[in-house]
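Asker: One structure is given below, represented as structure tokens, and several questions about it will come after.
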Amino acid sequence: MPRKKSNNIKASGKTTDVREHPLTVPVSKKNPTGKTIRDRHVRRLPGTDLDGDQIIDLFKKYNRKGLKYPTTKKLLEEYKNSDDYDEIIAVWIDYFSKKFIKLALDPNSVKALIASESSFIEDPKENKIAFGITQITKQTLKILQDPKGEVKDFIFKDIRQKDLKNPAIAIPLAIRWLYRKQETARSKLKREPNHEETILEYKGWLKGNSALRASGLKNYRKHYNALKK
Amino acid sequence: MHLKNKVIVALLYTFNLGCQSAGVYKIQTYRIKDLDFQVIQVSSNRIQQKCLFLNAEEGNEWRHQYLMFILSNKNEVLEIAAPHNTDEESCREKIAAIEKMLQFKSEIRMCARDGLKQKNAREGSWEEVADFGSLGAHKVKYESLTFDSICNSRKCYGDNSAYTYTCPGFVKQ
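Note that the protein sequences, when read in sequence, are chains A and F.
Just add 721 to wherever you are in the first sequence, counting from 1, and you've got the working numbering.
Just add 11 to wherever you are in the second sequence, counting from 1, and you've got the working numbering.
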């Protein structure tokens, strides 16, 4: 159904400026008429943010045609759950590559990243700073939901730290963050980063010393190479 | 102290050091499907632990790497790394839990994942050298193995729940 356009909205970039307008609210002592005036405010344009319910709903209804999946069965001998998240990876890589009109991330790269960050454990206990299968920190979660922050062109909303225990939420957040890390890596390197450089940027080691980069990438590389065999 | 007593004390001290340095070290390699596993039986004094701070950028300054070093009977060091980075507090908790096990029994058995490969000059381990106190400082000779679990005669420590297989004789959680 076409969205009804309000004549008091002025479009600009990813947000709209909504003028002061009347609003119907539940009848209460404060508002016995059930009417109030909503002050002028900013509203994001549709398609530039997602909350938890929308993430789940969008995944369910997403057109699977032409999706690129990570390689299956290659890590099963090592991790019993390793193929369980392939569909989530495929859907969200496709969604964000179309959203940002960018070359899609390699699905095997995301799968190898998850192996190196959490061994596909949905809620790793041995970390009090980073959470969930993709080990997203509180700080990153805040950035991913900041309408004025570095990822303001597409943000998430109302995602709580405990929601990161759910891979259906944690994986799309990590993929959106990886697309951002691809941009920051490009800016630092002044050229297109390869998949290892994007992962190094996700882990914060792109500008680290070479020994740290080599050791830090060993686990990721082992899994990526296994998936590519 | 009389000379005779001094000699006895010296002999006892030497004997004690001798016992310490000899210690136990046995390693057995197993292959399950396409995966390699190492079962290592070793004296507690041949084990060192460390939390390595990985000085990363931006929101990643939390990353610490848990490392265990094992001194072989040929004075070669094996490095065993936890599979994931953790925050410092969690890493220290791991060291404390394993230290408690090492203090309780003088010998432990542990399961490490991956094959034993000599490391090359540029990469393969997090650290170059490990210091074993009275047993000396020695070079890390092999590529880092992955920590699975460690057991003394009473209990085991380690989360291997994500894996499909573990070492023979070890319990899969």
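From the three backbone atoms N, C-alpha and C, an ideal C-beta is built for every residue, glycine too.
Note that the coordinates shown come from a computational prediction; the quantities given were computed from them, not determined experimentally.
Kindly indicate which residue of A:I890, A:Q860, A:T754, A:E871 has the alpha-carbon position closest to the one of D772 (chain A).
Answerer: Residue mapping note: residue 772 (chain A) aligns to position 51 of the first sequence, counting from 1. Of the candidates A:I890, A:Q860, A:T754, A:E871, the one whose C-alpha sits nearest the C-alpha of D772 (chain A) is A:I890.
Asker: To the nearest angstrom, report how far apart H944 (chain A) and A141 (chain F) are at their CA atoms.
Answerer: In the first sequence, residue 944 (chain A) corresponds to position 223, counting from 1. In the second sequence, residue 141 (chain F) corresponds to position 130, counting from 1. Using only the alpha carbons, I get a separation of about 27 Å.
Asker: In the DSSP assignment, the beta strand (DSSP E) including R165 (chain F) goes from what residue to what residue?
Answerer: Within the second sequence, the letter at position 154 stands for residue 165 (chain F). That residue, R165 (chain F), is in no beta strand (DSSP E); it is neither H nor E in DSSP.
Asker: Using CA atoms only, rank isn't needed, just tell me which of F:K44, F:Q59, F:D45, F:C122 is closest to G147 (chain F).
Answerer: Residue numbering aside, residue 147 (chain F) sits at position 136 when the second sequence is read from its first letter. Closest by alpha carbon: F:Q59.
Asker: CB-CB under 7 Å to G169 (chain F), same chain, minus the five flanking residues each way: which ones, in chain order?
Answerer: The count along the second sequence starts at 1 and reaches residue 169 (chain F) at position 158. Excluding positions up to five away in sequence, the list reads F158, D159, S160, I161.
Asker: Spatial neighbours of P179 (chain F) within its chain, please: CB distance less than 6 Å, with the 5 preceding and 5 following residues excluded, ordered by chain position.
Answerer: Along the second sequence, read from residue 1 onward, the residue named residue 179 (chain F) stands at position 168. These residues qualify, in order along the chain: Y41.
Asker: Beta carbon of P868 (chain A), beta carbon of R740 (chain A): below 9 Å?
Answerer: Taking the first sequence and counting its residues from 1, the one referred to as residue 868 (chain A) is at position 147. Taking the first sequence and counting its residues from 1, the one referred to as residue 740 (chain A) is at position 19. Contact: no.
Asker: I think E838 (chain A) touches H95 (chain F), with their Cβ atoms under 8 Å apart; what is that distance to the nearest whole Å?
Answerer: Counting from 1 along the first sequence, the entry for residue 838 (chain A) is found at position 117. Counting from 1 along the second sequence, the entry for residue 95 (chain F) is found at position 84. Yes, E838 (chain A) and H95 (chain F) are in contact; Cβ-Cβ is about 6 Å, under 8 Å.
Asker: Going along the chain, which residues of the segment 36-49 of chain F sit with their C-beta nearer than 9 Å to a C-beta in chain A?
Answerer: From the segment 36-49 of chain F, only I43, K44, D45, L46 have a Cβ closer than 9 Å to chain A.
Asker: Can the beta-carbon of F48 (chain F) be found less than 9 Å from the beta-carbon of Y153 (chain F)?
Answerer: As a position in the second sequence, residue 48 (chain F) is number 37, starting the count at 1. As a position in the second sequence, residue 153 (chain F) is number 142, starting the count at 1. No, the pair does not count as a contact, with Cβ atoms beyond the cut-off.
Asker: To the nearest whole angstrom, what separates the beta carbons of L834 (chain A) and Y941 (chain A), a pair I think is in contact under 8 Å?
Answerer: Within the first sequence, residue 834 (chain A) is the residue found at index 113, counting from 1. Within the first sequence, residue 941 (chain A) is the residue found at index 220, counting from 1. Going by Cβ atoms, the distance from L834 (chain A) to Y941 (chain A) rounds to 6 Å, so yes, they are a contact pair.
Asker: Would you please state the rounded distance, in angstroms, between the beta carbons of A108 (chain F) and W926 (chain A)? I believe it to be under 8 Å.
Answerer: Here residue 108 (chain F) is taken as the residue at index 97 of the second sequence, counted from 1. Here residue 926 (chain A) is taken as the residue at index 205 of the first sequence, counted from 1. So it is not a contact: roughly 28 Å between Cβ atoms.
Asker: Please look up how many angstroms separate the CB atoms of P791 (chain A) and L948 (chain A), rounded, as I've assumed it's under 8 Å.
Answerer: Mapped onto the first sequence, residue 791 (chain A) falls at position 70. Mapped onto the first sequence, residue 948 (chain A) falls at position 227. Indeed they touch by this definition, with Cβ atoms about 6 Å apart.
Asker: Would a check of beta-carbon distances place K166 (chain F) closer than 9 Å to chain A?
Answerer: Taking the second sequence and counting its residues from 1, the one referred to as residue 166 (chain F) is at position 155. K166 (chain F) does not count as touching chain A.
Asker: How would you label S54 (chain F), buried or exposed, when you count the other beta carbons within 10 angstroms and need 16 or more for buried?
Answerer: In the second sequence, residue 54 (chain F) corresponds to position 43, counting from 1. S54 (chain F) is buried by the Cβ-count criterion.
Asker: What residue does the alpha helix (DSSP H) around P893 (chain A) start on, and which one ends it?
Answerer: Here the question's residue 893 (chain A) lines up with position 172 in the first sequence. Looking at the DSSP string, the run of the alpha helix (DSSP H) that includes P893 (chain A) is 888-910.
Asker: Give the secondary structure of L82 (chain F) by DSSP, where H, G and I count as helix, E and B as strand, and everything else as coil.
Answerer: For this step, residue 82 (chain F) is matched to residue 71 along the second sequence. Reduced to three states, the DSSP call for L82 (chain F) is strand.
Asker: Any beta-carbon of chain A closer than 9 Å to the one on H141 (chain F)?
Answerer: Taking the first residue of the second sequence as position 1, residue 141 (chain F) is located at position 130. According to the sequence displayed, residue 141 (chain F) carries Ala and not His. Not closer than 9 Å to any Cβ of chain A, the Cβ of A141 (chain F) fails to qualify, so no.
Asker: Tell whether a beta-carbon distance below 9 Å holds between E138 (chain F) and E90 (chain F).
Answerer: As a working mapping, residue 138 (chain F) is identified with position 127 in the second sequence. As a working mapping, residue 90 (chain F) is identified with position 79 in the second sequence. In this structure, E90 (chain F) lies closer than 9 Å to E138 (chain F) by Cβ.
Asker: In the structure shown, what three-state DSSP assignment does N802 (chain A) receive?
Answerer: What you label residue 802 (chain A) is simply residue 81 of the first sequence in a count that begins at 1. DSSP places N802 (chain A) in coil when its eight states are reduced to three.
Asker: Using the Cα positions of A895 (chain A) and R761 (chain A), report the straight-line distance between them to the nearest angstrom.
Answerer: Stepping through the first sequence from its first residue, residue 895 (chain A) is reached at position 174. Stepping through the first sequence from its first residue, residue 761 (chain A) is reached at position 40. If you take the alpha carbons of A895 (chain A) and R761 (chain A), they lie about 33 Å apart.
Asker: Could you check where the alpha helix (DSSP H) with C102 (chain F) kicks off and where it finishes?
Answerer: Position 91 of the second sequence, counting from 1, holds the residue named residue 102 (chain F). C102 (chain F) -> alpha helix (DSSP H) spans 99-115.
Asker: Rounded to whole angstroms, what is the Cα-Cα separation between S840 (chain A) and K116 (chain F)?
Answerer: Numbered from 1 along the first sequence, position 119 holds the residue referred to as residue 840 (chain A). Numbered from 1 along the second sequence, position 105 holds the residue referred to as residue 116 (chain F). The alpha-carbon atoms of S840 (chain A) and K116 (chain F) are separated by roughly 30 Å.
Asker: If we cut at 9 Å on Cβ distances, does T793 (chain A) have a partner in chain F?
Answerer: By one-based count along the first sequence, residue 793 (chain A) stands at place 72. No, its Cβ sits nowhere closer than 9 Å to a Cβ of chain F.
Asker: Pick helix, strand or coil for S160 (chain F), following the three-state DSSP scheme.
Answerer: Taking the first residue of the second sequence as position 1, residue 160 (chain F) is located at position 149. Correct three-state label for S160 (chain F): strand.
Asker: Taking beta-carbon pairs under 8 Å, can you tell me which members of the segment 795-821 of chain A lie near chain F?
Answerer: If the cut-off is 8 Å between Cβ atoms, the segment 795-821 of chain A has L797, E798, E799, Y800, K801, N802 near chain F.
Asker: So with CB distances below 8 Å, who are the chain F contacts of T861 (chain A)?
Answerer: Within the first sequence, residue 861 (chain A) is the residue found at index 140, counting from 1. Residues of chain F passing the Cβ test: G70.
Asker: Between D770 (chain A) and K863 (chain A), how many whole angstroms is the CB-CB distance? I'm expecting something under 8 Å.
Answerer: Position 49 of the first sequence holds residue 770 (chain A). Position 142 of the first sequence holds residue 863 (chain A). With 8 Å as the limit, D770 (chain A) and K863 (chain A) do not qualify as a contact, their Cβ atoms being about 15 Å apart.
Asker: Which residues in the same chain as K128 (chain F) place their Cβ atom closer than 7 Å to its Cβ, once the five residues preceding and following it in sequence are excluded?
Answerer: Taking the first residue of the second sequence as 1, we reach residue 128 (chain F) at position 117. Around K128 (chain F): Y153, E154.
Asker: Going straight from the alpha carbon of Q39 (chain F) to that of L933 (chain A), what length do you get?
Answerer: The residue labelled residue 39 (chain F) in the question sits at position 28 within the second sequence. The residue labelled residue 933 (chain A) in the question sits at position 212 within the first sequence. For Q39 (chain F) and L933 (chain A), the distance between alpha carbons rounds to 30 Å.
Asker: Have a look at A:H916, A:K924, A:Y923, A:I777 and flag the residue whose alpha-carbon is nearest the alpha-carbon of P828 (chain A).
Answerer: Along the first sequence, one-based indexing puts residue 828 (chain A) at 107. Nearest option by C-alpha distance: A:H916.
Asker: Just to confirm, are E847 (chain A) and I854 (chain A) a CB contact at a threshold of 9 Å?
Answerer: Here residue 847 (chain A) corresponds to residue number 126 of the first sequence, with the count starting at 1. Here residue 854 (chain A) corresponds to residue number 133 of the first sequence, with the count starting at 1. No.
Asker: Against chain F, which members of the segment 825-858 of chain A pass a CB distance test of less than 8 Å?
Answerer: The residues in question are S837, E838, S839, S840, F841, I842, P845, K846, E847, N848, K849, I850, A851, Q856, T858.
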